[in-house]
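One structure below.
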Amino acid sequence: MSPEENKFADVPLRVKTWIYIIIVFAAGISHPLAMKIFVSWISFQCFSEFLKLFKISSNTIIPSLCTGIAQFFLLYFFNIEQYFLYSCFVSAFVLLYFILLKTRVKQLYGVITALLVCLFAFPHLLFIRENTSGLNAIIFIVVVTELNDVFQYLSGKFFGKHKITPQISPNKTLEGLIGGVFLTILLSNILGFFLLKTGILVNTVLGVLLGISGFCGDVFMSYLKRKAHIKDTGALLPGHGGLLDRMDSLISNAPIFFWLFPLLVKI
1 MSPEENKFAD VPLRVKTWIY IIIVFAAGIS HPLAMKIFVS WISFQCFSEF
51 LKLFKISSNT IIPSLCTGIA QFFLLYFFNI EQYFLYSCFV SAFVLLYFIL
101 LKTRVKQLYG VITALLVCLF AFPHLLFIRE NTSGLNAIIF IVVVTELNDV
151 FQYLSGKFFG KHKITPQISP NKTLEGLIGG VFLTILLSNI LGFFLLKTGI
201 LVNTVLGVLL GISGFCGDVF MSYLKRKAHI KDTGALLPGH GGLLDRMDSL
251 ISNAPIFFWL FPLLVKI
């Protein structure tokens with residue numbers, strides 16, 4: 001197999017996994033209750049992957065499951081303001097649990113990172129669905145974010161020559177970033193017109209912000225994996241790695257969209 005053919009050897013497997021991802025995503029956003037369960041499951045899985053990433057505990061199921069269940073009840077019974085307040089208490093109890101296990105200080109930073117991502121970043125997906133144009137908004141943010149990853153991946157494969165983060169993620173290139181953001185702007189305008197009923201200016205700003213922010217989220221996770229000397233955070237998604245490997249761009253994009261979109265539509 002030539003080097004050129006080898007570059008695309010993993011594409012069929014990635015596409016097959018994408019089909020499963022789309023099916024699970026469609027089921028997860030189909031109903032408000034399903035969405036709460038879906039987000040809590042995401043946090044459970046990603047918290048477990050974080051614990052493995054930072055080599056914090058040999059038993060990742062119990063603390064991850066408790067975190068996911070606690071999050072579900074908070075999402076189910078409380079509004080946004082109350083959720084963030086009580087999530088701080090949940091975070092404090094989780095930190096205390098690992099302190100009692102005599103977890104090293106450096107690893108506690110990893111626990112804090114996991115809590116910020118799982119309890120404070122990912123729940124914005126639910127908040128978007130329930131407070132920002134409903135189902136159309138969650139479809140918009142997830143599709144734009146995930147296809148931005150695909151656009152940057154393919155642009156880098158076809159045209160990538162200049163490394164942009166060689167010490168963190170050697171496969172990321174300037175051409176991949178530019179091509180990905182450009183295509184994301186086009187996609188944002190198409191989906192924004194039909195789903196959000198927003199104009200060119202708002203859709204273009206969203207495309208630029210989500211394209212660059214998604215790249216930063218990806219690089220952030222790549223940095224953590226580089227420090228941990230691993231390639232993937234898990235093996236849940238064949239061809240993609242763990243759920244964190246697939247959700248990394250949403251760490252930054254979901255909060256940005258939730259808080260900035262209401263301001264942009266007033267422009």
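Last residue of the sequence shown? That's 267 in UniProt numbering, and every number before it is there in order. No residue lacks a Cβ here, since even glycine has one placed at the ideal position from N, Cα and C.
C-alpha of Leu-263 to C-alpha of Ile-190: approximately 20 angstroms in a straight line. Under the DSSP definition of a beta bridge, Lys-163 partners with Thr-173.
In this structure Tyr-153 is buried. Its beta-carbon is surrounded by 16 or more other beta-carbon atoms within 10 angstroms.
A straight-line Cα-Cα distance of about 16 angstroms links Ile-21 and Ser-40. By the CB criterion at 8 angstroms, Gly-156 and Glu-130 fall outside the cutoff. When C-beta atoms of the segment 52-59 are compared with those of the segment 100-118, three or more pairs fall below 8 angstroms, so the two segments count as touching. Judged by beta-carbon spacing, Leu-115 lies beyond the 8 angstroms limit of Gln-71, meaning their Cβ atoms are not closer than that value.
Within the segment 52-138, the alpha helix (DSSP H) runs of at least 4 residues that lie entirely inside it are, in chain order, 61-77, 80-100, 105-115 and 124-131. The Cβ neighbour count for Leu-224, taken over all protein chains shown within 10 Å, is at least 16; the residue is labelled buried. Around Asn-253, the same chain offers Thr-145, Leu-210, Ser-213 and Gly-214 as residues with beta carbons nearer than 6 angstroms, after the five sequence neighbours per side are excluded.
If you compare the alpha carbons of Val-150, Thr-165, Leu-186 and Asn-171 with that of Arg-14, the shortest gap goes to Val-150. Put simply, the segment 231-244 does not touch the segment 192-204. Fewer than three CB pairs are less than 8 angstroms apart. Taking the Cβ atoms as the reference, Val-94 lies roughly 28 angstroms from Thr-132, outside the contact range of under 8 angstroms. The beta carbons of Ser-30 and Phe-47 sit no closer together than 8 angstroms.
For the options Lys-16, Leu-75, Gly-110 and Phe-258, the alpha carbon positioned closest to that of Ala-228 is the one of Gly-110. Its Cα nearest to that of Lys-106, the residue Leu-51 stands out among Phe-73, Asn-136 and Leu-51. The beta carbon of Gln-167 sits closer than 8 angstroms to the beta carbons of Arg-226 from its chain, once the five residues preceding and following it are set aside; these are given in chain order.
DSSP places Phe-257 in the uninterrupted alpha helix (DSSP H) bounded by 250-264.
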